[in-house]
Every structure is written in C-alpha cells, then in structure tokens.
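Taking it in order: structure first as structure tokens, then the write-up.
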Ligand code: AVJ
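In our numbering, the protein residues as written are -19 to 302.
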C-alpha cells in the first residue's frame, strides 16, 4: 500500500485525537489546538478586540511601552522565532526596535495557513526584517528554524506571547518550556507572555462575552469536525460554557449537550453518545502569579532577566535567558 499523503496523515492524526478525546470517561475532551482552523483563527482575532477580553490589549501596551528596553537587553540578536504568531500585531513594535540598527530574520511559526499568510503580509513591509513563515506545530517549527536558519554564533530570540502557555497544564507547561530551552543555546532569549490571576467574574466574562464571539469560537470546533471529519454535530444542540477552576487556577471552556443525542464522526469511525448536560472540555487557560511565571521558567532551565506588567489588566511579559 502506498504511504498516505501528508494531508491524509494529518487528517488521520486529527481523527485519532478526536476519537480518543470523545471516548474518554468521565470527561470527554478535545485538544484545544484544533480550535484554530482558518475560521477559528479569524474568530480568535475578533475575541482580541472584545471589551471583556483584555489579554491582547494588555500585552500590546506592555510590548509597546518596553520594546526599546527589551531590544537593549537582547543585543546582537538577529534571528527571531515566534510560536503561534496569530496576526502579528503585537510583534511589530518588537521587530522595529530589534531591527533599528541591523537586519534581522523573523520566523513566525503557525499552524493556521491563513493566519500565517496574514502575519507574513502584515509584517512584510518592515525595512530591515526578512520574514520567513513556518507552517508547523511549535516544536517542529522551532527545530526547523534553528536547523535551516541559524548561522554560526547567531543569537536567537524566541517569542511565546499572548498567554498561549496557559493552554498547557502546569506541569506540561514547564516541560514544554524545557523542550524549547533544549533547542536554544546560551546567549539566546525567550520572551513569555502570561495572563495573571484576577477576580473570577472578570475572568469568566473574558471567556463568555455578551456578544457570543467566544461561544462561536468554541462551537466552531464542532463545525470543524463536521467539515473535516464528516461528523454530524448539530451546533445548536450544544451550549458554550466558561468556568473557573480555582484549584487549577484556570478558566475552562466546555461545550454542553442540550439533550441526549448521538453523533456520528465518520472519519474517526465512531458514534458518540451524549447525555443531556454532559460536556466536552475544549480548552484550559491557566492564570498565573508573577512567582508562578518565574518558577516555571526556572524549572525549565531559563534565567529570569526582566519582567514587565500592565496596570490596567494584570498581564506579564517576562524575558528569560537560555
Ligand atoms: C490564544 C490561548 C491565549 O486562552 O486566552 C480566548 C484563547 N480562548 N478566548 C486564551 C482563547 C477563549 C486564548 N489563547
């Protein structure tokens, strides 16, 4: 039998993840990375401008205010890799500051082709910045950037912004940072964005906005299963839910079944039964204290260099040295 094409292999990995997640007991779950197809990425872009979701604007303020200082703290860095670039808006000021005196190469690593293209286009006009996008998952992409781009002795800055780290459980987050660290060399730097703990009603509002954009973002995951895996979810029979787990220190998004129902997922070769009120857990967004962030970096083998926060919406960007 011929070896399946890359697109088919990717689809079967997706189907397998879905089958494993939806047959889990007692809690059904789906990996949050699948929220970001082209429509999901567009809906997330809309989330970033919602009045209730302060995360992205807070980080934009932090990075805009401190871009020059950041650039001074990572002298001679000419290779920049960003994990999950999204539309690239927050990154612009940093690239401007870093390229003020020298040419740099910027490699956004992003799984959504549309988001990657958008980012390459949005940042392609900077005078001394060469943009080279990588449509890969984070670690695969970073590995390739290092192998293909890094010249002898060149210094690398890895950016992991927006509190995407929050999607990992705490232990997995430290392991992930350690894997990143292992692809880096002494003299390299990491800038990590982390959303900080804040009162529960503010957090719940940020993940359950009045206009229903986050609900659409969450429900789109079922739409994606319909489109790509031949599933027959009726999106109207599921409701978006955001709840805060004080033990994990995380907001969880769920999709709650409005009634008893069975759903066929053709490409995953399974039929899943849902009881009324049962949920699929689709995402966790962990929230941190400043100490949590420092500790996480430390456990992963980084040294804390500097940290900047936003006063309006508690959020921190931390610079670590490899
Ligand atoms: C892109 C993962 C940082 O967790 O805040 C926003 C995704 N989910 N609203 C987050 C998200 C619901 C976001 N991250």
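All residues carry an ideal CB built from backbone N, CA and C; glycine is no exception.
Can you give the Cα-Cα distance for residue 160 and residue 93, rounded to whole angstroms?
-> Taking the first residue of the chain shown as position 1, residue 160 is located at position 180. Taking the first residue of the chain shown as position 1, residue 93 is located at position 113. Cα to Cα, residue 160 sits roughly 23 Å from residue 93.
Below 8 Å between beta carbons: does that hold for residue 140 and residue 63?
-> As a first step, residue 140 must be located in the chain shown, where it is residue number 160. As a first step, residue 63 must be located in the chain shown, where it is residue number 83. In contact: residue 140 and residue 63 (Cβ atoms closer than 8 Å).
So what's residue 139 in DSSP terms, helix, strand or just coil?
-> Within the chain shown, residue 139 is the residue found at index 159, counting from 1. Looking at residue 139 - three-state DSSP - the assignment turns out to be strand.
For residue 82 versus residue 58, is the C-beta distance shorter than 8 Å?
-> For this step, residue 82 is matched to residue 102 along the chain shown. For this step, residue 58 is matched to residue 78 along the chain shown. Residue 82 is a Cβ neighbour of residue 58, given a cutoff of 8 Å.
Mind checking whether the beta-carbon of residue 263 lies closer than 7 Å to any heavy atom of the ligand AVJ?
-> Translated into positions along the chain shown, residue 263 becomes position 283. Yes, the Cβ of residue 263 comes within 7 Å of a heavy atom of the ligand AVJ.
Excluding sequence positions up to five away, which residues of its chain have a Cβ less than 6 Å from the Cβ of residue 112?
-> On the chain shown, position 132 is the one that residue 112 refers to. In the same chain as residue 112, and ignoring 5 residues on each side of it, the C-beta atoms closer than 6 Å to its own belong to 87, in chain order.
Return yes when at least one heavy atom of the ligand ZN lies under 7 Å from the C-beta of residue -8, else no.
-> For the structure depicted, the ligand ZN is absent and the ligand set comprises only the ligand AVJ.
Measuring CA to CA, which of 133, 252, 189 is closest to residue 165?
-> Residue mapping note: residue 165 aligns to position 185 of the chain shown, counting from 1. For residue 165, the nearest C-alpha among the options comes from 133.
Looking at C-beta atoms only, is the number of pairs between the segment 166 to 179 and the segment 264 to 279 that lie closer than 8 Å three or more?
-> By the Cβ test, the segment 166 to 179 is in contact with the segment 264 to 279, since at least three Cβ pairs between them sit closer than 8 Å.
heavy atom of the ligand AVJ below 7 Å from residue 276 C-beta | Taking the first residue of the chain shown as 1, we reach residue 276 at position 296. Answer for residue 276: no, Cβ out of range of the ligand AVJ.
Alpha carbon to alpha carbon, what distance is there between residue 163 and residue 36?
-> Counted from its first residue, the chain shown places residue 36 at position 56. Counted from its first residue, the chain shown places residue 163 at position 183. Near 27 Å, if we compare the C-alpha coordinates of residue 163 and residue 36.
Taking the alpha helix (DSSP H) that residue 50 falls in, what are its first and last residues?
-> As a working mapping, residue 50 is identified with position 70 in the chain shown. Under the DSSP assignment, residue 50 falls in the alpha helix (DSSP H) whose first and last residues are 35 to 53.
Inside the segment 86 to 139 only - alpha helix (DSSP H) runs reaching at least 4 residues = Listed in chain order, they are 93 to 103, 118 to 129.
Considering only the beta carbon of each residue, do residue 145 and residue 117 sit closer than 8 Å?
-> As a first step, residue 145 is located in the chain shown; it is residue number 165 there, counting from the start. As a first step, residue 117 is located in the chain shown; it is residue number 137 there, counting from the start. Remark: C-beta atoms of residue 145 and residue 117 do not approach each other more closely than 8 Å.
Just to confirm, does residue 260 get its C-beta within under 7 Å of one of the non-hydrogen atoms of the ligand AVJ?
-> Position 280 of the chain shown, counted from the first residue, corresponds to residue 260. No.
Go through its chain and collect everything with a Cβ distance to residue 65's Cβ below 6 Å, but skip five positions before and after it.
-> The sequence position of residue 65 within the chain shown is 85, counting from 1. The beta carbon of residue 65 is closer than 6 Å to those of 88, 90, 99 in its chain, skipping five residues each way along the sequence.
Apart from the five residues just before and just after residue 19, which ones in its own chain have a Cβ nearer than 8 Å to its Cβ?
-> Walking along the chain shown from the start, residue 19 turns up at place 39. The residues are 200, 203, 204.
Under 7 Å from any heavy atom of the ligand AVJ, does the C-beta of residue 233 make it?
-> Residue numbering aside, residue 233 sits at position 253 when the chain shown is read from its first letter. With a threshold of 7 Å, the Cβ atom of residue 233 counts as near the ligand AVJ, since some heavy atom of the ligand is closer than that.
Under 8 Å between the Cβ atoms of residue 198 and residue 235?
-> As a position in the chain shown, residue 198 is number 218, starting the count at 1. As a position in the chain shown, residue 235 is number 255, starting the count at 1. With respect to the 8 Å criterion, residue 198 and residue 235 are classified as neighbours on the basis of their beta carbons.
Quick one: residues in its chain with C-beta nearer than 6 Å to the C-beta of residue 8, no 5 flanking neighbours on either side, listed in chain order?
-> Residue numbering aside, residue 8 sits at position 28 when the chain shown is read from its first letter. Non-local beta-carbon contacts of residue 8 in its own chain, meaning distances under 6 Å to residues more than five positions away in sequence, involve 2, 260 in chain order.
Is residue 197 near the ligand AVJ, judged by its Cβ being under 7 Å from some heavy atom?
-> Residue 197 sits at position 217 when you count from the first residue of the chain shown. At least one heavy atom of the ligand AVJ is nearer than 7 Å to the Cβ of residue 197, so yes.
In terms of residues, what are the limits of the beta strand (DSSP E) holding residue 173?
-> Looking up residue 173 in the chain shown gives position 193. Following the DSSP letters along the chain, one finds residue 173 inside the beta strand (DSSP E) bounded by residues 169 to 175.
7 Å Cβ shell around residue 239 - same chain, five flanking residues per side excluded | Within the chain shown, residue 239 is the residue found at index 259, counting from 1. Closer than 7 Å at the Cβ level, and outside the excluded window around residue 239, lie 217, 256.
For the beta strand (DSSP E) that contains residue 218, what are its first and last residues?
-> Position 238 of the chain shown, counted from the first residue, corresponds to residue 218. Residue 218 -> beta strand (DSSP E) spans 218 to 225.
If we count the other Cβ atoms within 10 Å of its Cβ and call it buried at 16 or more, is residue 212 buried or exposed?
-> By one-based count along the chain shown, residue 212 stands at place 232. Under this definition residue 212 is an exposed residue.
Which full runs of the beta strand (DSSP E) of 3+ residues lie inside the segment 237 to 302, going along the chain?
-> Runs found: 241 to 245, 250 to 254, 259 to 266, 283 to 290, 295 to 301.
Residue 143 and residue 104 closer than 8 Å at C-beta = By one-based count along the chain shown, residue 143 stands at place 163. By one-based count along the chain shown, residue 104 stands at place 124. Their beta carbons are not under 8 Å apart, which means residue 143 does not touch residue 104 by this criterion.
How big is the Cα-Cα spacing for residue 220 and residue 299?
-> Start at 1 with the first residue of the chain shown, and residue 220 comes out as number 240. Start at 1 with the first residue of the chain shown, and residue 299 comes out as number 319. Roughly 35 Å between the two C-alpha positions.
Given that a residue counts as buried once 16 or more other Cβ atoms are within 10 Å of its Cβ, and exposed if not, what is residue 207?
-> Position 227 of the chain shown holds residue 207. It is exposed - the Cβ of residue 207 has fewer than 16 other Cβ atoms within 10 Å.
Tell whether a beta-carbon distance below 8 Å holds between residue 21 and residue 262.
-> As a first step, residue 21 must be located in the chain shown, where it is residue number 41. As a first step, residue 262 must be located in the chain shown, where it is residue number 282. The beta carbons of residue 21 and residue 262 sit no closer together than 8 Å.
Report whether the distance from the Cβ of residue 92 to the nearest heavy atom of the ligand AVJ is below 7 Å.
-> Residue 92 sits at position 112 when you count from the first residue of the chain shown. No - the ligand AVJ has no heavy atom lying nearer than 7 Å to the Cβ of residue 92.
Provide the residue span of the alpha helix (DSSP H) that contains residue 194, from first to last.
-> The residue given as residue 194 occupies position 214 in the chain shown. First-last of the alpha helix (DSSP H) with residue 194: 193 to 209.
Should residue 27 be counted as a contact of the ligand AVJ given a C-beta to heavy atom distance under 7 Å?
-> Within the chain shown, the letter at position 47 stands for residue 27. It does: the Cβ of residue 27 is within 7 Å (strictly closer) of some heavy atom of the ligand AVJ.
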